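In my numbering, the protein residues as written are 42 to 367.
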Amino acid sequence: MKTTPFFRRIAGLTRRSFLNLAAVSVATSAATRLLGQTSERKSPPTDGKLRIIVFGAHPDDCEYSAGGTAAKWAALGHHVKFVSCTNGDIGHWGMAGGRLAQRRAAEVRKCAAILGNQVEVLDIHDGELMVTMENRRTICRLIREWQADIVISHRPNDYHPDHRYTGILVMDAAYMVTVPHFCPDVPHLTKNPVFLFSNDEFNRPNPFTPDVVVDIDDVIEKKLAAIEALESQFYEGGCNGGPHLVPDPKDAVAVAKRRKAVREEFLKTPYYSPAETAGRFRGLLAQHYGKARANKIQFAEAFEICEYGRKPDQDELKRLFPFFEA
Ligand SMILES: [Zn+2]
Numbered sequence: 042m043k044t045t046p047f048f049r050r051i052a053g054l055t056r057r058s059f060l061n062l063a064a065v066s067v068a069t070s071a072a073t074r075l076l077g078q079t080s081e082r083k084s085p086p087t088d089g090k091l092r093i094i095v096f097g098a099h100p101d102d103c104e105y106s107a108g109g110t111a112a113k114w115a116a117l118g119h120h121v122k123f124v125s126c127t128n129g130d131i132g133h134w135g136m137a138g139g140r141l142a143q144r145r146a147a148e149v150r151k152c153a154a155i156l157g158n159q160v161e162v163l164d165i166h167d168g169e170l171m172v173t174m175e176n177r178r179t180i181c182r183l184i185r186e187w188q189a190d191i192v193i194s195h196r197p198n199d200y201h202p203d204h205r206y207t208g209i210l211v212m213d214a215a216y217m218v219t220v221p222h223f224c225p226d227v228p229h230l231t232k233n234p235v236f237l238f239s240n241d242e243f244n245r246p247n248p249f250t251p252d253v254v255v256d257i258d259d260v261i262e263k264k265l266a267a268i269e270a271l272e273s274q275f276y277e278g279g280c281n282g283g284p285h286l287v288p289d290p291k292d293a294v295a296v297a298k299r300r301k302a303v304r305e306e307f308l309k310t311p312y313y314s315p316a317e318t319a320g321r322f323r324g325l326l327a328q329h330y331g332k333a334r335a336n337k338i339q340f341a342e343a344f345e346i347c348e349y350g351r352k353p354d355q356d357e358l359k360r361l362f363p364f365f366e367a
């Protein structure tokens, strides 16, 4: 029997979890309205500082891929915004729906307080992001409203469909943000931003090849604090975790042990760990920082230039990443 996506989703639920989901979906609308009512859609002030907007598929991807570099930009007074293109409402082994979406929005707001960025979560179901004209317009508007100098997203080759489609939607907005009669309700940008991809592990059709690697040693504690704040995803293990990961909250020793394990596991994650990134791209670190300093760098984040945005020369890269010193 053919079923609509809604009924396919409901068919897998018990009556109790369906009622739970139905009740919290009302709360989701309230959460989304609340998000929309904050200053998050305002443009940053015109103060000569850089404006950076990072798109991730889920409420943890921006923090995971660019949290350290964002903290460095923010510390210098530059304006950074993280956008999650879905609300993350299936990203947990034990809970789903509006209650999870609200929890994950609260987690990224906590990260934003740590890292110094603005944050917005789009109310699109996790696992259901599609490349539509509506979504292309939304991404285009967000980039224009932020008057971005730099836009960062996933590459379009990635294991998760939401990551792939975030990459495509952002690539589709590159250049179109400068076209006056596309999406004319928000003024177009007169200069195409620099579009960058964040680090990943995928090799086909081509591996991630960075153009910029940023030393984040001085902000690694902030990045780790953000990872801890993303409790549903790391401490509890996200959709592939389970109750075995979560100790009794009253057992302080077990809680401390689990917290320590979360940090250690993150720093050991192949391809994504800032420690592995520093090791893998030490040659490029040496070009940015000189060999002597590069050899001492422990933690880094890496970015690749997307050909569809403005192509910065080395001088512009130094202006956009004002961190490179020997
Ligand atoms: Zn994700």
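We put the beta carbon where it would ideally sit given N, CA and C, even for glycine.
Source: prediction; values computed, not measured.
Segment contact: the stretch 114-134 against the stretch 323-333, fewer than three CB-CB distances shorter than 8 Å; contact not assigned.
Taken from the Cβ of His-201, at least one heavy atom of ligand 1 lies inside 7 Å. One Cα belongs to Ile-268, the other to Phe-249, and the distance between them is close to 23 Å. If you check the C-beta of His-166 against ligand 1, you find no heavy atom less than 7 Å away.
Rounded to whole angstroms, Glu-242 and Asp-199 show a C-alpha spacing of 8 Å. Unbroken beta strand (DSSP E) stretches of 3 residues or longer found wholly inside the stretch 244-323: 253-256, given in chain order. Counting C-beta atoms within 10 angstroms of its own C-beta, Tyr-105 has 16 or more neighbours from the protein chains shown and is therefore classed as buried. Separation of Leu-271 and Lys-359 (C-alpha to C-alpha, rounded to the nearest whole angstrom) is 31 Å.
By the criterion of a C-beta distance shorter than 6 Å, Gly-208 is surrounded in its chain by Ser-194, His-195, Arg-196 and Pro-197, once the five residues flanking it on both sides are discounted. Distances taken from the Cβ of His-133 to the heavy atoms of ligand 1 include none shorter than 7 Å. Each of Pro-284, Ala-98, Arg-321 and Lys-113 was checked against the Cα of Asn-128, and the nearest Cα belongs to Ala-98. The way I'd put it, the stretch 146-154 doesn't touch the stretch 182-192; fewer than three beta-carbon pairs between them come closer than 8 Å.
With a cut-off of 7 Å, the C-beta of Asp-102 is classified as near ligand 1, since at least one heavy atom of the ligand falls inside that distance. Inside the stretch 165-213, DSSP marks whole alpha helix (DSSP H) runs of 4 or more residues at positions 174-187, from first to last along the chain.
Taken through DSSP and simplified to helix, strand or coil, Ile-131 comes out as coil.
Gly-350 sits buried, since 16 or more C-beta atoms from the chains shown fall within 10 Å of its C-beta.
Looking at the backbone, the Cα of Ala-266 and that of His-222 are separated by about 43 Å. Residue environment analysis places Glu-345 among the buried positions, since at least 16 neighbouring C-beta atoms fall within 10 angstroms of its C-beta.
For Lys-352, no pairing in a beta bridge is given by DSSP. Rounded to whole angstroms, the separation of the alpha carbons of Glu-342 and Ala-107 is 7 Å. Of Leu-230, Arg-205 and Thr-318, the smallest CA-CA separation from Gly-109 is found for Thr-318. In this structure, the C-beta of Ala-333 stays at least 7 Å away from each heavy atom of ligand 1.
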